[in-house]
Structure formats: structure tokens, C-alpha cells
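Read through the structure below, which is laid out as C-alpha cells, and then see the notes.
4 protein chains.
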Amino acid sequence: MNTKPAARPGRPRDEATHRAILRAANRLLHEAGYGGFSIEGVALRAGVAKTSIYRRWPSKGALLLDLYMEGLAPATLEPSGKKVRQAFAAYLNQTVERLKDAGWSNTLRSLVAEAQNDPALARLVRDKVIEPRREDGRRLLEHGMKTGEIRRNVDIDITLDFVFGAIWYRLLLGHAAVDEAFARRATAELFKRIGSDHAVP
Amino acid sequence: MNTKPAARPGRPRDEATHRAILRAANRLLHEAGYGGFSIEGVALRAGVAKTSIYRRWPSKGALLLDLYMEGLAPATLEPSGKKVRQAFAAYLNQTVERLKDAGWSNTLRSLVAEAQNDPALARLVRDKVIEPRREDGRRLLEHGMKTGEIRRNVDIDITLDFVFGAIWYRLLLGHAAVDEAFARRATAELFKRIGSDHAVP
Amino acid sequence: MNTKPAARPGRPRDEATHRAILRAANRLLHEAGYGGFSIEGVALRAGVAKTSIYRRWPSKGALLLDLYMEGLAPATLEPSGKKVRQAFAAYLNQTVERLKDAGWSNTLRSLVAEAQNDPALARLVRDKVIEPRREDGRRLLEHGMKTGEIRRNVDIDITLDFVFGAIWYRLLLGHAAVDEAFARRATAELFKRIGSDHAVP
Amino acid sequence: MNTKPAARPGRPRDEATHRAILRAANRLLHEAGYGGFSIEGVALRAGVAKTSIYRRWPSKGALLLDLYMEGLAPATLEPSGKKVRQAFAAYLNQTVERLKDAGWSNTLRSLVAEAQNDPALARLVRDKVIEPRREDGRRLLEHGMKTGEIRRNVDIDITLDFVFGAIWYRLLLGHAAVDEAFARRATAELFKRIGSDHAVP
DNA sequence: TGATAATCGAGACGGTACGTCCGGTCTTGAC
DNA sequence: GTCAAGACCGGACGTACCGTCTCGATTATCA
Chain D
4 MNTKPAARPG RPRDEATHRA ILRAANRLLH EAGYGGFSIE GVALRAGVAK TSIYRRWPSK
64 GALLLDLYME GLAPATLEPS GKKVRQAFAA YLNQTVERLK DAGWSNTLRS LVAEAQNDPA
124 LARLVRDKVI EPRREDGRRL LEHGMKTGEI RRNVDIDITL DFVFGAIWYR LLLGHAAVDE
184 AFARRATAEL FKRIGSDHAV P
Chain W
4 MNTKPAARPG RPRDEATHRA ILRAANRLLH EAGYGGFSIE GVALRAGVAK TSIYRRWPSK
64 GALLLDLYME GLAPATLEPS GKKVRQAFAA YLNQTVERLK DAGWSNTLRS LVAEAQNDPA
124 LARLVRDKVI EPRREDGRRL LEHGMKTGEI RRNVDIDITL DFVFGAIWYR LLLGHAAVDE
184 AFARRATAEL FKRIGSDHAV P
Chain L
4 MNTKPAARPG RPRDEATHRA ILRAANRLLH EAGYGGFSIE GVALRAGVAK TSIYRRWPSK
64 GALLLDLYME GLAPATLEPS GKKVRQAFAA YLNQTVERLK DAGWSNTLRS LVAEAQNDPA
124 LARLVRDKVI EPRREDGRRL LEHGMKTGEI RRNVDIDITL DFVFGAIWYR LLLGHAAVDE
184 AFARRATAEL FKRIGSDHAV P
Chain G
4 MNTKPAARPG RPRDEATHRA ILRAANRLLH EAGYGGFSIE GVALRAGVAK TSIYRRWPSK
64 GALLLDLYME GLAPATLEPS GKKVRQAFAA YLNQTVERLK DAGWSNTLRS LVAEAQNDPA
124 LARLVRDKVI EPRREDGRRL LEHGMKTGEI RRNVDIDITL DFVFGAIWYR LLLGHAAVDE
184 AFARRATAEL FKRIGSDHAV P
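Right under this line is the structure:
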């Protein structure tokens with residue numbers, strides 16, 4: 004059994020180049036934000052030819068999306084034995100922690116900005132960024148309904164719009180910080196609405 | 004008492020030019036979206052010199068903001084005798100109605116995208132777009148608390164983040180439509196627990 | 004008998020404005036040369052409206068020409084009792100002296116540069132700047148022929164092309180200075196064979 | 004032995020693009036003169052991006068200079084066995100012939116006009132246009148002095164100023180044509196002054 | 001071992017738009 | 001009718017990036 008992909012003919016892609024691009028992109032996004040983020044700038048900083056970027060990513064947005072995927076690990080939203088409320092609180096706290104990194108928050112903000120331009124990217128963002136989180140949330144809520152932590156008459160979609168929406172809203176419009184206080188209050192308010200009376204001791 | 008503005012020296016700005024720019028900008032935004040929206044394109048379509056645009060608006064974003072301000076009228080969110088729930092429902096329906104216009108929704112989406120670039124614009128957007136709506140909402144909720152329609156323990160800020168956030172979230176990420184169904188379900192969900200038990204007969 | 008021009012209706016032109024424009028133009032030409040010379044710049048420096056310049060001069064070139072005419076006085080080239088050779092030497096020395104002023108030399112250089120653009124100006128330059136000098140020179144040479152200082156077989160036009168040409172050539176191409184040494188050597192060379200053998204003792 | 008130039012990295016410049024630019028520039032200069040000569044216009048006519056022009060020439064003037072260098076061939080001024088007088092006459096006739104082409108004369112006139120703006124260009128014009136011709140002339144005159152065709156007391160610099168000056172003077176100020184009659188009369192007048200008595204039979 | 005092929009860097013290519021400058025004209029209210 | 005002020009349309013400037021392309025050189029697989 005061979006885990007290696009079928010070796011293509013020709014010179015293989017250089018892993019180092021790949022990493023250099025992602026690192027440079029992250030750095031540029033961190034320092035200059037969406038406005039200062041250009042393929043040309045990334046290539047320059049990475050010491051890489053523009054071609055080497057376009058060979059891997061068809062557009063600026065695709066690179067941004069990969070930047071997101073690369074750094075994804077932390078935030079999880081799963082019914083992992085914990086109480087539903089605790090799982091939500093943990094997710095929000097991880098998110099808050101993650102967004103403290105300017106590179107990361109700029110990546111997300113740029114991704115949305117770029118998607119306003121680029122329908123293909125918009126679809127990818129929905130499929131890779133938005134839906135997986137919603138799916139996690141949906142499963143968690145349904146789990147909570149079974150355990151009795153969540154009331155049965157909750158409108159799951161709208162509830163997910165409320166909680167994820169609040170995060171994006173604060174992130175993109177910037178009228179208030181996405182911080183620990185937000186995580187705490189959002190969780191509290193969420194469960195004030197959706198928690199079963201008897202489930203919250 | 005003089006209502007006329009203190010006549011500035013020099014040739015006054017041409018109102019027709021002003022309107023032509025806004026109209027052309029709207030049209031372009033309607034047809035080509037954020038990606039196809041350029042000062043040059045607006046100037047061309049309006050039959051106006053680029054300088055005439057830059058004289059009025061320092062940046063693309065400032066023009067977008069004015070485009071928003073111009074078309075503002077419809078959506079209101081006031082405790083105008085009606086029940087709080089009805090006021091919210093009316094606001095969401097007006098918003099839904101408004102966003103059916105591609106020009107208008109592109110204006111809002113572009114405004115947010117552009118603001119990711121431009122901190123000065125971001126501040127203006129918060130002051131002119133975000134905060135006024137939040138303030139309306141805040142007043143309405145407080146009014147509802149007095150009348151007993153809204154429970155006293157509601158976290159107003161977070162609640163506003165939930166409901167406005169959901170709108171922006173759907174608008175910008177596009178995973179679901181901002182339509183009548185959304186308005187209905189969001190209102191319902193909002194009042195499921197936010198409303199005092201005895202206030203909704 | 005009235006020397007005053009027939010009084011036109013309306014507010015008379017302001018002499019001070021006129022002078023302010025010329026002074027500012029000269030200053031700008033002195034400091035920034037042809038490249039930095041713009042009607043807009045002159046208006047700004049003179050504290051005058053652009054209109055007030057265009058009312059008086061139809062184009063940049065016309066203003067430059069007037070700048071030349073204003074400062075004309077010094078250089079004369081007349082058979083004023085002196086020997087022809089002395090008259091020429093005096094003319095060249097006056098010219099050299101005049102051109103030491105950067106404003107003046109820039110005026111002349113700009114006038115020629117501008118005339119390459121503007122046939123109407125080119126004609127004016129010929130009529131007001133070139134021909135009068137040539138006419139003076141022609142009269143002087145003819146006078147010299149009568150007195151025997153200048154040989155009869157001299158081609159006057161070509162001779163004038165040689166001597167005035169040399170000045171413009173040095174002024175515009177800048178390969179060598181238009182200075183006292185030039186004046187001396189040019190006069191000497193001019194009279195080496197142009198002068199009758201017996202006329203120069 | 005390798006005559007190939009050390010191949011620079013990257014895609015080599017396209018010779019066709021280069022030629023298209025020069026051809027378009029020449030055409031534009033021919034048709035519209037200095038006033039109508041713009042980088043933008045050249046790019047449009049050549050079907051070339053503006054950047055492709057700026058990549059090669061840092062300024063309008065640099066392009067004009069290359070236009071001059073490209074079309075240089077014809078005029079020679081060398082002591083090629085001929086008599087000095089004949090060499091001068093030939094040079095002037097070649098120059099006259101060359102200047103009949105509006106493209107060529109506009110190139111020279113524009114070059115001088117532009118150089119009034121641009122000290123760097125002025126220096127290049129002196130080095131590439133003015134001095135080589137003067138150097139040819141200087142060698143020719145010195146050669147003539149050795150053969151006895153030119154008198155020993157001639158001031159070479161001033162003589163060159165006279166004859167080249169006359170050409171530029173007529174070209175730039177336009178008070179008289181640079182034509183065959185001019186060539187003939189200028190040669191005659193020149194040798195009336197500088198020719199040794201015994202050398203002109 | 002040598003042909004084939006995809007990679008690498010570098011950088012040229014045609015484009016689009018940027019934001020600015022200046023040209024020359026027009027339009028105010030005040031004088 | 002002039003004045004200062006300043007708006008108007010238009011053309012060009014020089015720059016930044018876009019995404020594509022063409023080079024010579026390098027590094028792999030496959031015959």
C-alpha cells in the first residue's frame with residue numbers, strides 16, 4: 004500500500020516554495036492587511052516567481068482560502084461528551100483567541116471582501132468555511148435537543164445565523180471587539196433563549 | 004434667520020453633476036457589482052470628469068457611503084405606538100424588500116468590502132450605518148422592557164449583534180437568502196424567549 | 004486732444020493685477036524653469052484668478068512673449084555713431100549680461116520650446132523677437148558696407164544666421180556658455196573676414 | 004568567442020514591440036508634432052502597453068533621443084579624401100534632405116523643446132547629438148588647416164557655433180527654411196571667412 | 001544515459017484603474 | 001466688465017497590479 008501520490012513526470016513542486024509563499028502571504032496580510040495584499044507583494048516577499056503562485060492558486064482568493072485552511076486546527080465545535088453549553092463556550096473562546104492574531108483576522112476579513120468580487124470564491128468560502136462550522140453547530144444543537152439541554156422548538160438555522168452572524172458582524176464592521184467578554188455574554192444570551200428551563204441548574 | 008447656506012465663493016457645485024454621478028454609480032453597482040465598480044467607470048457613465056468625483060468624495064468608499072445615505076429612507080425601527088415585535092418584523096421586512104434591489108445590496112456589500120481596506124471609511128460606516136440602526140434597536144428594546152414586552156434580563160448589545168449580525172452574515176456570505184422567510188423566522192426566534200411570557204398572549 | 008484710450012464701460016482692468024501676474028510669472032520661471040511654469044502656478048503665486056490671466060493672454064506662450072517684451076529694453080544693436088564692430092560687441096555683451104538672469108534665459112528658452120507646439124506663437128516670436136533683431140543687424144551691416152567697414156560681398160542673411168544662431172544654439176543646447184569670452188571670440192571671428200581689410204587698422 | 008550578449012534572466016524583450024513603439028512614435032511625431040506627442044498616444048498607436056514604453060525609456064525625452072539615434076545614419080561630416088569645402092557642402096545637403104521629413108524635423112525640434120524641461124535629457128542630447136557632430140566638424144577643420152584649405156587663425160569652436168547654430172536657429176525659430184539655397188549660401192559664406200586665399204581657386 | 005516534462009527564478013507582455021496635474025472654459029457674488 | 005474663487009470637462013501623466021507569456025536552468029521520471 005502506497006500513500007505517496009502517483010509520481011508525475013517532470014520536476015516535482017518544491018515544498019519549500021509552497022511554504023515560503025504561505026508564510027509570506029501571512030506576513031503580508033499581518034502587516035499590510037487586505038489593501039496591501041497583492042500576489043506581486045507575496046511573490047516578492049517569498050523570493051518566489053509570480054508563476055509559482057499562480058501554478059498553485061488560480062486567484063488571490065484561492066490563496067486566502069488556503070491560508071485559512073492551513074491555520075484551521077484550533078477551533079472545534081463538537082458534542083464531545085461535554086455539555087452543549089460548554090462546547091459553545093469553548094468554541095467562542097477558541098475563536099476569540101484565534102482572532103487576536105492580526106494575520107488571522109485579516110485573512111478572514113480579506114476572504115469575505117474578496118468574495119464580494121468573485122462568485123467562485125464565494126462558493127468555496129461557503130463550502131469550506133461557513134458550512135462546516137454550521138454543520139458542527141447543527142449537530143451540536145440536535146445533540147442538545149436529544150439530551151434535553153436545548154428546547155425542541157428552537158429554529159436551528161436562525162440560531163446559527165444569530166451566533167455566527169454576531170461574530171462576523173463584529174469582525175467585519177468593527178463596532179465592538181470579538182473578545183472574552185463577547186464570548187461570555189454571547190453564550191449566556193444564547194442559552195437564555197434556547198436552553199431548556201430544567202437543563203440549566 | 005437664514006436657512007440658505009453661507010454662499011461659498013466661486014462657482015457653485017452643479018447639482019446635476021452630483022446627481023449624475025450618484026445615478027451612474029448606482030447603475031454601475033447594479034450591473035457590475037463591487038468588482039466592476041471603478042471611479043473611472045462612474046465618470047465615464049455619468050459623462051463627468053474624474054476630478055468632479057474626486058472633488059466631492061475622497062475615495063471610492065466615501066462615494067459608496069453617500070450612495071447608501073441617499074437611498075436610506077425606507078427602513079425604520081422605531082417604537083411608533085406599535086408593539087415591539089411588530090416594529091421588528093416591519094424593520095426586517097423593509098430590509099428584505101430593500102435588499103431585493105441588486106444596486107442596494109451591492110452597495111452594502113461593497114461598503115463592507117471597501118472598509119476592510121480603509122480604516123477611515125470603516126469608522127464612517129460604523130458612525131453612519133451601523134450605530135444609528137443599533138441605536139434605534141436599543142431604544143426599541145428598552146421601550147419594550149418598560150412596557151413588559153421584553154424581559155428585563157436581556158443583554159441588549161448581544162441581542163442586537165444577533166439580529167443585525169444575522170442579516171449581514173447572510174448578505175455577505177450568501178449561504179442563505181435574506182428573504183421574507185428569514186424575516187419571519189428571525190422575528191419568531193428573537194421573541195421566543197426574549198419576550199416576557201405573559202406579554203405575548 | 005485725449006491720449007487716454009476711449010474709456011470702456013465696466014470696471015477697468017487693475018494695473019496691479021497685471022503687474023502681479025508678470026512678476027509671479029517671472030519668479031516662477033526663475034525658480035522652476037519651463038517645466039514648472041504653469042498658468043495655474045502663476046495664478047496661485049500672483050494671488051490672482053486664472054481668469055484674470057486668460058483675459059489678458061490667450062495662452063501660456065502669449066504670456067511668455069509679453070514677459071520677453073516687458074524686459075526688452077537693454078540690448079540695442081544700432082549704428083549709433085560707433086564703429087560697426089563696436090556696436091556688435093556691445094550688443095553681444097548686453098545679451099550676455101541679460102542672460103545671466105535665470106528668469107530671462109528661461110523666458111527665452113521657454114518661448115522657443117512653447118513655439119514648437121504653437122504655430123501662432125511661433126509666428127509672433129518671429130515677428131516680435133527674431134525679426135526686429137535681424138532687422139537691426141541688417142541695417143547695421145548695410146551701414147557698415149557704406150562706411151567700408153564691411154565687405155560688399157558679405158551674405159547678410161547668412162551672417163545674421165551665424166551670429167544669432169550661435170547665441171540661440173548655445174542657449175538652447177547648452178554645450179557651452181553664453182558668456183563674455185563667447186562675446187569676444189564671436190565678435191573677433193565675425194570680423195576676421197567680414198571686415199574690409201583696410202577698415203580694421 | 005561569444006558575440007551573443009550575456010542573456011539576461013527573464014523573458015527577453017520583444018524586438019517587435021520595440022520596433023512598433025519607435026514606428027508609432029515616428030508616425031505620431033510626423034502627424035501631430037511635439038504638441039500631439041504623448042506616451043499614451045504612442046502606446047495606443049503601437050498597440051502596446053504604456054508600461055512597455057516606460058520599461059525601455061524613462062521619459063518622453065529619452066524616447067525622442069532614441070528616435071533620433073535610430074534614424075541617424077545619413078549625415079556624415081568626415082575628411083574622406085574630399086576637399087573640406089565639399090565635405091561641408093555634402094553634410095549640409097544631407098541635413099537639408101533629412102529635414103524635409105516632417106517626422107525627423109519634429110523629432111529634433113521636440114528633442115530640444117523637451118530638453119528645456121529635463122536637465123538629464125539635455126546632457127544626453129549634448130553627448131549624443133551635439134558633441135559628435137561638433138567633433139566631426141572639429142576634425143574636419145583641423146584637417147583643413149593641415150592641408151592649407153583652412154586658415155590657421157580660425158576659431159574652431161566659434162566657427163562650429165556659427166554653422167551648426169545657423170541650422171538649429173532656422174529649424175527652431177522658423178524665420179527661414181533649411182533648404183538647398185541655405186546649404187549653398189552657408190557653405191559659401193563659411194569659406195569666404197575661413198578659407199585660405201590660395202586654397203579656393 | 002538520454003529524452004521528456006514539469007518545475008524554478010526572472011521579468012516582459014497587454015491591460016485596467018489609480019489619483020494627480022494642468023489646460024482652457026464657465027459661473028458665481030462682490031465691486 | 002473686472003475681480004477672486006472655484007467648478008467644469010478633458011487629456012495625459014507615471015505607478016501599481018492583474019493574470020499570461022516566454023526565457024534559460026534545474027530536477028525529476030521513464031525509456
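Chains as they are written, first to last, in this note's numbering: chain D, 4 to 204; chain W, 4 to 204; chain L, 4 to 204; chain G, 4 to 204.
The beta carbon of each residue, even a glycine, is placed where N, CA and C say it ideally should be.
Note that the structure is predicted; figures quoted are calculated from it, not measured.
Annotation: Cβ neighbours of G/Trp171 in chain L (cutoff 8 Å, chain order): Gly168, Trp171, Tyr172, Leu175, Leu176.
Taking a contact as a CB-CB distance under 8 Å, the pair D/Tyr37 and D/Arg112 counts as one, their CB atoms being some 6 Å apart. According to the DSSP secondary-structure assignment, G/Ile153 is paired through a beta bridge with G/Gly198. In the three-state DSSP reduction, L/Pro135 falls in the helix class (H, G or I). A buried status is given to W/Glu192, since no fewer than 16 other beta-carbon atoms sit within 10 Å of its beta-carbon. For W/Lys103, there are no C-beta contacts with chain D under 8 Å, since the nearest C-beta of that chain is about 18 Å from it.
Only buried fits D/Leu31, as 16 or more other CB atoms lie within 10 angstroms of its CB. In this model, G/Ala90 and G/Asn96 are separated by some 10 Å (Cα to Cα).
The C-beta of D/Thr150 has fewer than 16 other C-beta atoms within 10 Å across all chains shown, which makes the residue exposed. At a cut-off of 7 Å, the C-beta of D/Arg155 has no neighbouring C-beta in chain W.
At a cut-off of 7 Å between C-beta atoms, G/Glu192 counts as an interface residue with respect to chain L. Contact of G/Gly38 with chain L is assigned, a C-beta pair being separated by under 7 Å.
Taking 7 Å as the cut-off, the beta carbon of L/Ala28 is found closer than this to the beta carbon of L/Leu70.
Separation of W/Gly106 and W/Glu100 (C-alpha to C-alpha, rounded to the nearest whole angstrom) is 13 Å. Taking a cut-off of 8 Å on C-beta distances, the segment 117-135 of chain D touches the segment 60-67 of chain D, as three or more cross pairs fall below it. For the pair of segments examined, the segment 159-178 of chain L was found to touch the segment 160-176 of chain G: the number of CB pairs separated by less than 8 Å reaches three. By the CB criterion at 7 Å, G/Leu102 and G/Val181 fall inside the cutoff. Where L/Asn29 is concerned, the enclosing alpha helix (DSSP H) starts and stops at 18-35. A straight line joining the alpha-carbon of W/Asp158 with that of D/Arg188 spans about 8 Å. Interface residue (Cβ-Cβ distance to chain D less than 7 Å): W/Val115 is classified as such. Scanning G/Gly198, G/Gly50, G/Gly177 for the CA closest to the CA of G/Asn109 turns up G/Gly177. About 6 Å separates the Cβ atoms of L/Val51 and L/Ala23, confirming a contact at the 8 Å cut-off. Around W/Leu175, the same chain offers Arg112, Val115 as residues with beta carbons nearer than 7 Å, after the five sequence neighbours per side are excluded. Ranked by how close their Cα comes to the Cα of L/Arg59, the residues L/Arg142, L/Ile42, L/Phe194, L/Val87 have L/Ile42 in first place. Residue contact check for D/Arg188 against chain W: a CB pair falls below 7 Å.
Counting the other CB atoms within 10 Å of its CB gives D/Asn156 a total below 16, which places it among the exposed residues. Fully contained in the segment 39-92 of chain L are the following alpha helix (DSSP H) runs of length 4 or more, in chain order: 42-49, 53-59, 63-73. Taking a 10 Å sphere around the C-beta of L/Asp104, we find fewer than 16 other C-beta atoms and assign the residue as exposed. At least one C-beta of chain W is nearer than 7 Å to the C-beta of D/Asn120.
Here D/Ala180 carries a coil assignment [DSSP, helix/strand/coil]. Secondary structure note for G/Ala10: it is in no alpha helix (DSSP H), with a DSSP letter that is neither H nor E. Think of a sphere of 9 Å around the beta carbon of L/Lys195: the chain G residues whose beta carbon falls inside it are Arg154, Asn156, Val157, Asp158, Arg196, Ile197, in chain order. At a cut-off of 7 Å between beta carbons, G/Ala125 contacts chain L. Taking C-alpha positions only, L/Gly147 is separated from L/Phe185 by approximately 22 Å. Under the 7 Å criterion on CB atoms, W/Asp182 is classed as non-interfacial with respect to chain D.
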